[in-house]
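Taking it in order: structure first as structure tokens, then the write-up.
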Amino acid sequence: MSGLLQGYGRGLTLVFFLAAAVWGLMLIVLPQLTMVERALTAPSRALDSSVAQGLARDARTCISVLQTYVTDDAPAPSGGLAVPSMSGGAPSSGGMAIPSMTGRAPDPAPSGGLAVPSMTGGAPERAPSGGLPIPSMTGGAGGAESAAPTRPYILQCDRATTHKPLSGGESWLDEVYDLPRLGVSDTDPIADQIASAEEIETLAREASLRIREAEASASPYTLSNFATLFEARLIPQSDAQRAVENAKLSNKLMSLTGLRFERDGETYSRIGLVTLTRTLLQAVIATALALLLCYPIAYKVALASRPKQAVWLFLGLIIPYAIVELMRIYAWTTIIDNSGLINGLLQWLGLIDVPIQFKRFPGTVFLVIVYTYVLFMVFPIYNVMSTLDRNQIEAARDLGASPWRVHRRIIIPHSKPGIAVGTIATFMLAAGAFSVPRIISRGLQAEWFSQTIYNKFFESPNANVGAAYSFAYTIVCFLLVALFMWLMRTRLKDFARVQ
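In case it helps, this note's numbering puts the sequence shown at residues -17 to 481.
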């Protein structure tokens, strides 16, 4: 602080601090607070009032559709209904008609012979003049005494029931809010079905207003979005397939940790936690590979090369990174593709007949991640390693130390801050990688957690759940970084040596 005041004066120092405060507030604090607020707020579609509103909309749509079956013509004989044309023609009256397939009005039923079976789930049409009825093709009963539907299947009418599950599926709308259990029966006359739908709509709208008032006075914050990360999902499997999956080592490990379990003969998996754990392990492996590759490079450039050679080595590292990251990732697809460089070379040499599916190998993603973020590992290690006095290395060699002992006792302890910074940076970038696993695997490998967060945010109306996943992932990564710093005995002030 005193150095800043002496070098820049109070005015410039104050400007620097204000700029840093605004930068931290706008780019770090406020975005995280917004994310936390969204993560702690239940999605609007999960609120009980939204369920009641959805019921009212379904009932309203059901009424609108049912009204298309009501005509001003005389009712069909024997209680028959007009069948609408499959292409929008007017419904026929006076008995069950043959639906038109060509856009014209449906032809009236013939005066004799067999009736044409219903294709829409309605009751089988009765043949006039004593003809035998033909059973419905959707399972309707053939006898006149059976309670056959009086209309085709309508989704909104089927959903128009007050016995509707609330968020979580453990409680029901009618039971929690003391509503009569009503539904729209497709065996009732159309007028009765419309009356039932109207009553359900009225009850749903009144319940929605009442529930919304209660929700407005209650706390809007909940941990339900975070709970979805721990939810267990049913994995449909046959007995033979379950035996094969249980024999896999990865599934055995997940069973030991509770990520996968069996209950009542069914297999369940905590898919969110499985994806999170797998991503963290893959990020750790990718970081370890980057460290194993970059430490020798940094040592070669910093301590084992003359200055002119070091310049050329640095140019070889930096020039590829002058290209946009996405371009470099897509360039790898031309290398590992079925008709890419590697498969083409192996086929030309006669070593393989069928292309190798590199897109299915997790090692390919690791390789591209290491290539993409290699500079974030090399530069911190090089910056610290280059400050080491080479005379210490020469002295150790003169005293008979082996190369491994020189690295273990002199170079690695001196380079520890750079190794810590490079490892942390590479791990955080690998853990949050999205473009590399998505482009390289092309959906042929298990998705990374960053892809899961993306799906929650942009491919389904679950932005609140996506915010919870994102915030939880950030906390977990920070805890792992803190654990790593504790194991490395690294403090924040040691990072200043990297600069």
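Backbone N, C-alpha and C define an ideal beta-carbon position, used for all residues, glycine too.
Quick caveat, the model's predicted, so the values are computed rather than measured.
- Comparing C-alpha distances from arginine 424 to each of Asp319, Arg245, Ala209 shows the shortest one belongs to Asp319.
- When beta bridges are read from the DSSP output, leucine 216 appears opposite Tyr250.
- About 6 Å separates the CB atoms of arginine 215 and serine 251; that is less than 8 Å, so the two are in contact.
- For arginine 224, no beta strand (DSSP E) segment is defined; the enclosing uninterrupted segment is the alpha helix (DSSP H) at 221 to 228.
- Counting only runs that start and end inside the stretch 301 to 367, the alpha helix (DSSP H) elements of at least 4 residues fall at 307 to 318, 323 to 330, 344 to 354, 356 to 367.
- Take glutamine 339, set aside five residues on each side of it, and the residues of its chain with a beta-carbon closer than 8 Å to its own are Asn320, Leu426, in chain order.
- At a cut-off of 4 residues, the continuous stretches assigned as alpha helix (DSSP H) that sit fully inside the stretch 14 to 49 are 30 to 49.
- In the three-state scheme derived from DSSP, where H, G and I count as helix and E and B as strand, arginine 387 is classed as helix.
- At a Cβ-Cβ threshold of 8 Å, glutamate 181 and leucine 164 count as neighbours.
- If you ignore the 5 residues before and after glycine 400, its C-beta comes within less than 8 Å of the C-beta of Ala280, Pro362, Ile363, Tyr364, Asn365, Val366, Met367, Arg479, Val480, all in its own chain and listed in chain order.
- Under the Cβ criterion (8 Å, minimum of three pairs), the stretch 194 to 206 does not count as touching the stretch 37 to 49.
- Collapsing the DSSP output to three states places tryptophan 5 in a helix.
- A check of alpha carbon separations from alanine 209 across His396, Leu255, Thr239 identifies Leu255 as the nearest.
- A distance below 8 Å between beta-carbons, with the five flanking residues on each side excluded, links threonine 144 to the following residues of its chain, in chain order: Leu37, Leu155, Asp156, Leu161, Pro162, Arg163, Leu164, Gly165, Ile182, Leu185, Ala186.
- For the pair alanine 189 and tyrosine 159, the CB atoms are nearer than the 8 Å cut-off.
- Excluding its 5 nearest sequence neighbours in each direction, valine 52 has C-beta neighbours in its own chain below 7 Å: Ile172, listed in chain order.
- DSSP, reduced to helix, strand and coil, places phenylalanine 243 within a strand of the structure shown.
- Non-local C-beta neighbours of isoleucine 421 in its own chain, meaning closer than 6 Å and more than five positions away in sequence, comprise Ile311, ordered along the chain.
- Residue pairing by DSSP places tyrosine 203 opposite Thr23 in a beta bridge.
- As DSSP reads the structure, proline 147 sits in a beta bridge with Trp154.
- Each of Val458, Met410, Lys398 was checked against the Cα of leucine 474, and the nearest Cα belongs to Lys398.
- A distance below 6 Å between beta-carbons, with the five flanking residues on each side excluded, links alanine 402 to the following residues of its chain, in chain order: Met470, Thr472.
- In the DSSP annotation of this structure, the continuous segment of the alpha helix (DSSP H) that includes tyrosine 451 starts and ends at 445 to 469.
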